[in-house]
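Here the structure comes first, spelled out in structure tokens, and everything after it is commentary.
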Amino acid sequence: MSVDDLILQWSERVREAAACGQALCLRGGGTKRFYGRPEQGKLLDTRACRGIINYEPSELVVTVRAGTPLVELEAALAAQGQMLAFEPPHFGPGATIGGCVAAGLAGPRRAAVGGVRDFILGVRMIDGRGEVLRFGGEVMKNVAGYDVSRVLAGSLGTLGLIVDVSLKVLPRPVAEASLRFEMGEAAALHQLNVWGGQPLPISASVWHDGILELRLSGAAAAVEAAIGRLGGERIPDAVAEARWRALREHTDSFFAGAQCLSSQAPLWRLSLPSDALAIELDGAQLVEWGGAQRWLCSGLSPEVIRARVAALGGHATLFRNGVREGAVFHPLTAPMLALQRNLKNAFDPAGVFNPGRLYEGL
Amino acid sequence: MGEQLDIPGYGRIERDFSRVDARRLVQALLGVLPAAHVLHDPEDLRPYECDGMAALRQLPLVVVLPDSEAQVVDILKICAGQGVPVVARGAGTGLSGGAQPHRFGVVLSLARLNRIIAIDAHARRAVVQPGVRNLAISEAAAPLGLYYAPDPSSQIACTIGGNVAENSGGVHCLKYGLTIHNLLKVRGVTICGDIVEFGSLGLDAPGYDLLPLVTGSEGMLAVVTEVTVKLTPKPQLAQCLLAAFDDVVKAGDAVAGIIAAGIIPAGLEMMDQPATAAVEEFVHAGYPLEAQAILLCESDGTPEEVAEEVGRVRALLEQSGATEVRVSRDEAERLRFWAGRKAAFPAAGRISPDYYCMDGTIPRKRLGEMLKAIQAMEKKYAMRCINVFHAGDGNLHPLILFDANKPGDQHTAEAFGAEILELSVALGGTITGEHGVGIEKINQMCSQFATPEIAAFHRVKAAFDPAGLLNPGKAIPTLNRCAEYGRERMGAGQPVAHPDLPRF
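Heads up: the protein sequence lines correspond to chains X and B, in order.
Going by this note's numbering, 210 is the number at position 189 of the first sequence; the sequence numbering is gapless.
Going by this note's numbering, 264 is the number at position 283 of the second sequence; the sequence numbering is gapless.
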């Protein structure tokens, strides 16, 4: 079936679902089904719509169909010395770029370069009326119309079915090096913020259990100069590469180990101001993004965790495990919830797409 | 299509606000603001009759000057209750008429909300009120070794609230991003008077990420009352390369070559020969006048990084056929290289009574094609156009030179501009890269977007502002207007107010 026919068919499926009050469960590779609230509705598998539509390395733009496997896209970019700079986690071999955008999750490089939404330039999508809409485009600067395409990042498929997406890509850094320091939590949080205020090419950071690791990326001269300035112990390149990948994929010993996922303990993702103090909650903890993302494996009640994180100026997501039927994402203020409901209704008035995946009623 | 569009009424036709009762409105506003901050005498309203797009002037009914968020809430509640249009305004430097007053409405000036609330060096962020000037943030952060990266050309005057409304760019956004990439949190008030926060002090917020929706929404979704921006460490060194080319296409290829080599310069700008000639006469930057195009490429970072990048860029420029490459030897020379580029708009004003600045963005590879087409249009319309580009990100600023006092000239310039914008769309680009739609490009929105998208925009608007009171008539055309567009083209290009401000 041609892509145009497929889009037409999907559009009809959406119209039919809307007319009949049915829900559709939009899914790509299904690698992030653990995330968000439980899936509902009849499966619409997006993987039939795949392939790179346009890739111009010198324009720093790729336009790709949503069902394209992330590995395929990343390989095409790597062949031209480029990358998705937000370093998205795959969480499984089948991950698609559509799922990546819908989940809105970014990896270790997030604090240095930006998140998924920062690299979205445009989308084609089907809304809850079955209408095919195109927002944004393939150019870097574009302020015509509301920037709807970026809002789709992290919307968990609840606003529309992404058909294709245009993304800004970046050159892979010429040089990378990773360093290791022994440091306590408070000292590491302080030091990460101090370094953040200096022109250093830090592209990733992780602290866990008394060890702080940094990745430097950039021009060879800049990386060399930073190594001289920062000190620490150099991590061999091959070890470092595996380390950062395992961290991104949650396969390293913290996430996969006994303290956390293998014991089915609830894993919380805490988004905090980078300079927020140590969270001081019981459980195993790992700090990323210069202090702005903290992972907590803990059996503490959601209320206790959320209250503490909110007091520090952040929000808490029940990332994996735990009770998924409740409030997985941090509760919104009443006016904000009203705006979000209105926006959902604007795109999907019949509630066809992934109902309840983000919040009850969205 | 044929089926119900299900859009708010104002999405179809312009809403009629002629029944607004000015006396009642002023009376209510005087109940929440001191009399000195409620302007309604035509003399006092005059300074607010236009923004940077000066040819279309319109007095509002009232201008209000709140100095607190609580007053903003009160004002919006009154306007919501009485069904009065509200046009938020910063410094009024916008080029697309986004802050043009509504005849039956209130101008809500945020100029008095001008305090820098906090600068946190450790966390690299600044919390400021919307009326704080863009440059004032960088000035306040400078002693800490930090700055606010986006630098629209009007940065000495434009406010951060206006930057949020327009998602402003600047010459450094290729490397440092647009306004949206440098915001953490925007606090605003809805038309109903609810206070909402978009984004967070962390790197994300729960639920839909509405920060990118509000950023660039041209004052149509909420009124900004507080902005938290990221501050960036100041690079240790910046150096600029100036390259001359005997052919614009070669210069365009050089731009593509630099990017393809994996280099993201801090700035990458291009000027064609007529633009170079116009500015050289004005600022004496020492530009090579015989060149068909010149490129300015800036590198910043540590001294080691800059040396490495400048070496690579120089080699690439020479490979691309540059007839001359100069590297700034010191800060004074770097600033001189930039002086010419930054003087392009005033230089246009110097060689022509009026000029009309376009703002399309196209894929970089189509640059040569666009330039050739503009040359053909110069003949077709018998009107000159000089070209300056943010070449690195494909954002064009063709400056069409005309004389508004000559009968028909203004109309011709508008038609010329409209053709450039439509070609930008046809080449896979957009009608506006950084200046916004406002009222200036509202017709061309109908070229870029089809009815379903326009309808979707109206539904987004209604999600925030169901009665359509925030900046009505701007940015998103009614479906009726789009239906008519093509037969009649209204108010496009205009001379620019604030001739003293740098524009690039």
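We put the CB at the ideal spot given by N, CA and C, even for glycine.
With distances taken Cα to Cα, identify the nearest neighbour of residue i among the options.
i          : options                                : result
B/Val19    : B/Met34, B/Gln39, B/Ser90, B/Val44     : B/Val44
X/Leu205   : X/Pro222, X/Ile232, X/Trp216, X/Val169 : What sits at residue 205 of chain X in the sequence shown is Gly, not Leu. When each option's Cα is compared against that of X/Gly205, the closest is X/Ile232.
B/Glu415   : X/Leu353, X/Lys365, X/Cys46, X/Ala165  : X/Ala165
B/Asp55    : B/Pro246, B/Arg106, B/Gly75, B/Leu10   : B/Leu10
X/Ser207   : X/Thr89, X/Glu381, X/Asp296            : The question names Ser, yet the displayed sequence has Ala at residue 207 of chain X. Among X/Thr89, X/Glu381, X/Asp296, the Cα nearest to that of X/Ala207 is on X/Asp296.
X/Arg54    : X/Val83, X/Gly178, X/Val85, X/Met146   : X/Gly178
B/Ser280   : B/Leu270, B/Gly142, B/Ile245, B/Asp335 : B/Ile245
B/Ala117   : B/Tyr466, B/His103, B/Ala16, B/Asn95   : B/Asn95
B/Phe445   : X/Tyr56, X/Gly88, X/Tyr167             : X/Tyr167
B/Val406   : B/Lys442, B/His439, B/Arg347, B/Leu460 : B/Arg347
B/Arg84    : B/Ser(-1), B/Asn424, B/Leu76, B/Leu46  : B/Ser(-1)
X/Ile223   : X/Gln212, X/Arg236, X/Asp230, X/His229 : X/Arg236
B/Thr(-13) : B/Asn452, B/Leu450, B/Val88, B/Ala443  : This sequence places Asp at residue -13 of chain B; Thr is not what is there. Nearest of B/Asn452, B/Leu450, B/Val88, B/Ala443 to B/Asp(-13), Cα basis: B/Ala443.
B/Gly267   : B/Ala107, B/Leu223, B/Val65            : B/Leu223
X/Phe156   : B/Arg27, B/Glu434, B/Ser301            : B/Glu434
B/Phe397   : B/Gln425, B/Tyr362, B/Gln429, B/Asp384 : B/Tyr362
B/Arg168   : B/Gln110, B/Pro124, B/Cys221           : B/Gln110
X/Arg327   : X/Glu346, X/Ala124, X/Glu301, X/Gly312 : X/Glu301
How many whole angstroms separate the CB atoms of residue i and residue j, which I take to be in contact at a CB cut-off of 8 Å?
i        : j        : result
B/Glu299 : B/Val308 : Not a contact, Cβ separation roughly 12 Å.
B/Met364 : B/Leu382 : 7 Å
X/Phe275 : X/Ala305 : 7 Å
X/Leu188 : X/Leu142 : 6 Å
X/Glu309 : X/Val227 : 5 Å
B/Asp340 : B/Leu155 : Actually they are not in contact, since the Cβ atoms of B/Asp340 and B/Leu155 sit about 16 Å apart, beyond 8 Å.
X/Leu379 : B/Gly188 : 7 Å
Just the Cα atoms here: how many angstroms apart are residue i and residue j?
i        : j        : result
X/Val121 : X/Phe107 : With the sequence shown as reference, residue 121 of chain X is identified as Cys, and Val is not the correct amino acid for it. If I take the Cα positions, the gap works out to 11 Å.
B/Pro82  : B/Gly73  : 11 Å
X/Ala133 : B/Leu42  : 47 Å
B/Ser49  : B/Ile176 : 13 Å
B/Arg470 : B/Asp227 : Per-residue confidence for B/Arg470 stands at a pLDDT of 31, beneath the threshold of 50, marking its modelled position as unreliable; no derived number is given.
B/Gly474 : X/Ser79  : Caution applies to B/Gly474, whose pLDDT of 35 falls short of 50 and renders its modelled position unreliable; the value that the coordinates give is listed next. In a straight line, the C-alpha of B/Gly474 is about 33 Å away from that of X/Ser79.
B/Asp22  : B/Glu30  : 13 Å
B/Ile139 : X/Gly51  : In the sequence as displayed, the identity of residue 139 of chain B is Cys instead of Ile. Answer to the nearest angstrom: the Cα atoms are 47 Å apart.
B/Arg310 : X/Leu358 : 55 Å
X/Arg34  : X/Val186 : 21 Å
B/Lys323 : X/Leu191 : 28 Å
B/Leu402 : B/Lys422 : 9 Å
B/Ala372 : X/Asp369 : 39 Å
B/Gln136 : X/Arg171 : 26 Å
X/Trp243 : B/Glu289 : Per the sequence shown, the amino acid found at residue 243 of chain X is Ala instead of Trp. Between X/Ala243 and B/Glu289, the C-alpha separation is close to 9 Å.
X/Gln219 : X/Gly88  : 40 Å
B/Glu285 : B/Gly292 : 11 Å
B/Glu465 : B/Ala399 : 15 Å
B/Arg345 : X/Met161 : 10 Å
B/Glu395 : B/Gly389 : 10 Å
X/Ala96  : X/Arg193 : 12 Å
B/Val87  : B/Arg70  : 10 Å
X/Gly136 : B/Ala92  : 32 Å
X/Gln285 : X/Ala277 : 10 Å
B/Leu40  : B/Leu26  : 6 Å
X/Asn366 : X/Gly372 : 8 Å
Answer with yes or no whether the minimum CB distance from residue i to chain D is below 9 Å.
i        : result
B/His392 : Chain labels in this structure do not include chain D; the protein chains are X and B.
Q. Does the stretch 403 to 417 of chain B come close enough to the stretch 314 to 326 of chain B that 3 or more CB-CB pairs lie under 8 Å?
A. When Cβ pairs closer than 8 Å are counted between the two stretches, the stretch 314 to 326 of chain B is seen not to touch the stretch 403 to 417 of chain B, the count staying below three.
(Q) Within 8 Å, do at least three Cβ pairs link the stretch 232 to 249 of chain B to the stretch 200 to 214 of chain B? (A) Contact between the stretch 200 to 214 of chain B and the stretch 232 to 249 of chain B is not established, with fewer than three Cβ pairs separated by less than 8 Å.
Q | Near-chain B residues of the stretch 181 to 208 of chain X - C-beta to any C-beta below 8 Å | A | Residues Leu191, Pro192, Arg193, Val195.
(Q) Whether or not the stretch 57 to 71 of chain X and the stretch 42 to 49 of chain X are in contact is what I'm after, with contact meaning three or more pairs of Cβ atoms, one per stretch, closer than 8 Å; do they touch? (A) Yes, the stretch 42 to 49 of chain X is in contact with the stretch 57 to 71 of chain X.
Q: Say whether the stretch 189 to 204 of chain X touches the stretch 248 to 255 of chain X, bearing in mind that this needs 3 or more beta-carbon pairs closer than 8 Å, one atom from each stretch.
A: The way I'd put it, the stretch 189 to 204 of chain X does touch the stretch 248 to 255 of chain X; three or more beta-carbon pairs between them come closer than 8 Å.
Q | Proximal residues, the stretch 321 to 337 of chain X versus chain B, C-beta separation under 8 Å | A | Within the stretch 321 to 337 of chain X, the qualifying residues are Gly334, Gly335, His336.
Q. At a Cβ cut of 8 Å, what residues of the stretch 131 to 156 of chain X count as close to chain B, listed as they run along the chain?
A. Of all residues in the stretch 131 to 156 of chain X, those with a C-beta nearer than 8 Å to a C-beta of chain B are Arg131, Ala132, Gly135, Gly136, Arg138, Asp139, Asp148, Arg150, Glu152, Val153, Leu154, Arg155, Phe156, reading in chain order.
Q) Taking a cut of 8 Å between CB atoms, which residues from the stretch 327 to 343 of chain B lie near chain X? A) Near chain X, meaning a CB-to-CB distance below 8 Å, the residues of the stretch 327 to 343 of chain B are Thr342, Ile343.
Q.
Counting only Cβ-Cβ distances shorter than 8 Å, please list the residues of the stretch 129 to 160 of chain B near chain X, keeping chain order.
A. Here the close residues are Glu147, Asn148, Gly150, Cys154, Leu155, Gly158, Leu159.
Q. Does the stretch 193 to 200 of chain B touch the stretch 128 to 147 of chain B, meaning 3 or more C-beta pairs lie closer than 8 Å?
A. They touch, by the three-pair rule.
Q.
To be precise: take each residue of the stretch 416 to 438 of chain B, compare its Cβ to all Cβ atoms of chain X, and keep it if any distance is under 7 Å. Which residues remain?
A. Of all residues in the stretch 416 to 438 of chain B, those with a C-beta nearer than 7 Å to a C-beta of chain X are Gly417, Val418, Met426, Gln429, Phe430, Pro433, Glu434, Ala437, Phe438, reading in chain order.
Q.
Counting only Cβ-Cβ distances shorter than 8 Å, please list the residues of the stretch 337 to 351 of chain X near chain B, keeping chain order.
A. Those would be Thr338, Phe350, His351, in chain order.
Q. For the stretch 92 to 110 of chain X against the stretch 266 to 275 of chain X, are there 3 or more C-beta pairs whose distance is under 8 Å?
A. Touching, yes, given that three or more Cβ pairs across the two stretches are closer than 8 Å.
Q. What are the residues of the stretch 63 to 80 of chain B that lie near chain X, defined by any Cβ-Cβ distance shorter than 7 Å?
A. Listed in sequence order: no entries.
Q | Contact list for the stretch 183 to 194 of chain B against chain X, Cβ threshold 9 Å | A | The stretch 183 to 194 of chain B vs chain X, Cβ under 9 Å: Gly183, Leu184, Asp185, Ala186, Pro187, Gly188, Tyr189, Asp190, Leu191, Leu192, Pro193, Leu194.
(Q) Using a Cβ-Cβ cutoff of 7 Å, what residues of the stretch 365 to 391 of chain B are near chain X? List them in chain order. (A) Listed in sequence order: Asp374, Gly375, Asn376.
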